[in-house]
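Residue numbers (numbering that gives the first Met the number 0), protein chains in the order written: chain H, 0 to 117; chain A, 0 to 276.
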Amino acid sequence: MPSRVLYCHCAFAQAVPRPVKQDVLRALTDRGDDFDAVADLCEMSARKDPALKEFAACESLTLVACYPRALRWLFSAAGAPLDEAKVRVLNMRAATAEQIVAGLDGAELDTPDAEPVR
Amino acid sequence: MSASITARSPLLVVLYEGAGAMPLDGETRFEITRALLEKGYRIITTRAGRRGATPGERQVLVLGRFTGAPPGEAVAGTGAAVHFRSLDGVAPADVVALVEGVGGDAQTQKPGGWKPWFPVIDYSRCTNCMQCLSFCLFDVYGVSKDKQIEVQRQTNCKTDCPACSRVCPEVAILFPKYKAGPINGDEVNAADLEREKMKVDISALLGGDIYAALRQRSQHASSRFARERDDQRALEERKKCLAKLQAALDIPAEVMNALPTADAIRAKAEKVSEEPA
């Protein structure tokens, strides 16, 4: 499986600040690059959505979502454990939209948000 | 798992801009994607086309400004039914209705409809002490065949109630949508662990003796107030006591009011421990 960017809209709660997710989504759509977007990873985890296994199997995955620890165990709960060596997390709850976009461009973030999943 | 959520994937939407389709402008792409996400759909925005399939995938809808016949290269390798809909002449605001029409036609599962609030266990911290299982009023937790605690009925969880994470002595229970760390998944730091030492006391209070504690405090207040012949003040004192506990644990009032008795909690824990592996 090739490298992928997966954006979570956290659609069913206000956990991620709305301006941050709107700005990040706008940046992703402006770029025109391929990406995956899901309404809510929590909901997918609860459903044990098979798509989570597909994402977990990617050679390289950039998760644009929330805290790495939450993501690790949400995927695990769905039977789709993440390989920390292959996953990078950009945390929209802890970083600004500008920081997230810079992270998408490959910048190393100086915040806990870009930590590997562990 | 509750009947209200199933393992079946809802309709997958592919926003296709590759060969055989015209590109969309950024604003249109944004408006369509945002609107569909707000409705709970999963979307792939792609120029390369969708390759492969998610196991169990049943319905794929390809949206695009197609220049001719629906391009087969938009989706390959899926066993799902593939639908094509042109975006020509369709305003971004009308795309949701277009997709819902296909979803309805294809009898796919409707996305969304439930706020996904439920606990997630951090097994790197969990010691399998079963306090969460004993404490939870709504049977969210269960045990696996090998006696491992697990979250089994997510939709039973009371929205916005993080009570079980409050009684966990290991900070091992997350609610990813909770407002603050470490319950929201933020890293656990030394100060959090320090608070856990206090939490054990709270756990003991809630797990076994909350009514006794309340009664004791109430009786103490009552005797004092009896002397003062002031029932109203005694009632206020009781209310304050409950409110203080509720605020300290961030527990919804209806959950607080439904706390089980110590006997009920013990019985539940014993029942689980006696069940055959």
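A virtual CB, placed ideally from N, CA and C, is assigned to each residue, including glycine.
If you're wondering where the values come from, they're calculated on a predicted model, not measured in any experiment.
Proximity to residue i [Cα-Cα], best of the options
i	options	result
residue 99 of chain A	A:12, A:72, A:69	A:12
residue 37 of chain A	H:100, H:89, H:18, H:11	H:11
residue 3 of chain H	H:69, H:33, H:73	H:33
residue 273 of chain A	A:146, A:45, A:76, A:16	A:146
residue 77 of chain A	A:87, A:92, A:49, A:63	A:49
residue 89 of chain H	H:103, H:83, H:78	H:103
residue 90 of chain A	A:192, A:27, A:71	A:27
residue 71 of chain A	A:173, A:18, A:44	A:18
residue 160 of chain A	A:126, A:141, A:116	A:116
residue 16 of chain H	H:100, H:42, H:91, H:39	H:91
residue 61 of chain A	A:44, A:127, A:171, A:270	A:44
residue 158 of chain A	A:9, A:73, A:177	A:177
residue 45 of chain H	A:140, A:56, A:93, A:152	A:152
residue 100 of chain H	H:66, H:40, H:23, H:13	H:23
residue 87 of chain H	H:105, H:52, H:41, H:77	H:105
residue 148 of chain A	A:271, A:30, A:263, A:73	A:271
residue 184 of chain A	A:175, A:190, A:47, A:32	A:175
residue 156 of chain A	A:170, A:119, A:96	A:119
residue 52 of chain H	H:84, H:73, H:107, H:9	H:73
residue 38 of chain H	H:9, H:65, H:70	H:9
residue 20 of chain H	A:85, A:141, A:182, A:32	A:32
Alpha-carbon spacing of residue i relative to residue j, whole angstroms
i	j	result
residue 179 of chain A	residue 83 of chain A	43 Å
residue 138 of chain A	residue 194 of chain A	26 Å
residue 27 of chain H	residue 252 of chain A	41 Å
residue 66 of chain A	residue 20 of chain A	5 Å
residue 51 of chain A	residue 75 of chain A	6 Å
residue 97 of chain H	residue 63 of chain H	13 Å
residue 94 of chain H	residue 68 of chain A	44 Å
residue 54 of chain H	residue 124 of chain A	25 Å
residue 34 of chain A	residue 79 of chain H	28 Å
residue 280 of chain A	residue 245 of chain A	This structure gives no information on residue 280 of chain A, because the portion of chain A shown stretches from 0 to 276.
residue 35 of chain H	residue 60 of chain H	11 Å
residue 136 of chain A	residue 164 of chain A	13 Å
residue 79 of chain A	residue 39 of chain A	20 Å
residue 201 of chain A	residue 162 of chain A	Reliability fails at residue 201 of chain A, whose pLDDT of 48 lies under 50, so the model's placement of it is uncertain and the value that follows must be treated cautiously. Their Cα atoms are separated by approximately 11 Å.
residue 29 of chain H	residue 42 of chain A	16 Å
residue 55 of chain A	residue 47 of chain H	12 Å
residue 18 of chain H	residue 25 of chain H	10 Å
residue 93 of chain A	residue 9 of chain A	20 Å
residue 114 of chain A	residue 167 of chain A	23 Å
residue 82 of chain H	residue 7 of chain H	19 Å
residue 77 of chain H	residue 53 of chain A	14 Å
residue 169 of chain A	residue 68 of chain H	15 Å
residue 58 of chain H	residue 50 of chain H	15 Å
residue 70 of chain H	residue 56 of chain H	15 Å
residue 13 of chain H	residue 30 of chain A	19 Å
residue 144 of chain A	residue 58 of chain A	34 Å
residue 15 of chain A	residue 192 of chain A	49 Å
residue 88 of chain A	residue 46 of chain A	21 Å
residue 102 of chain A	residue 40 of chain H	21 Å
residue 132 of chain A	residue 81 of chain A	44 Å
is_contact[residue i, chain A] using C-beta, thresh 8 Å
i	result
residue 60 of chain H	no
residue 12 of chain H	yes
residue 68 of chain H	yes
residue 73 of chain H	yes
residue 23 of chain H	no
residue 97 of chain H	no
residue 65 of chain H	yes
For residue i, the residue or residues it bridges with in DSSP
i	result
residue 195 of chain H	As displayed, chain H neither begins before 0 nor continues past 117, which places residue 195 of chain H out of reach and without an answer.
residue 62 of chain A	A:14, A:84
residue 64 of chain H	H:90
residue 6 of chain H	H:36, H:63
residue 30 of chain H	Answer by DSSP bridge pairing: none, since residue 30 of chain H is not bridged.
residue 150 of chain A	A:140
residue 41 of chain A	A:11
residue 172 of chain A	A:120
residue 43 of chain H	Answer is none; residue 43 of chain H lacks a bridge partner.
residue 50 of chain A	A:75
residue 20 of chain A	A:65
Chain H contact for residue i (CB, 8 Å cutoff)
i	result
residue 47 of chain A	yes
residue 65 of chain A	no
residue 91 of chain A	no
residue 29 of chain A	yes
residue 127 of chain A	no
residue 40 of chain A	yes
residue 285 of chain A	In the structure as shown, chain A begins at 0 and stops at 276. Residue 285 of chain A is therefore absent and cannot be evaluated.
residue 117 of chain A	yes
residue 33 of chain A	yes
residue 72 of chain A	no
| message | Restricting to runs no shorter than 4 residues, where is the alpha helix (DSSP H) found entirely within the region 78–109 of chain H? | response | 96–103
Completely contained alpha helix (DSSP H) runs for the region 107–147 of chain A, where each covers 4 or more residues: 130–134
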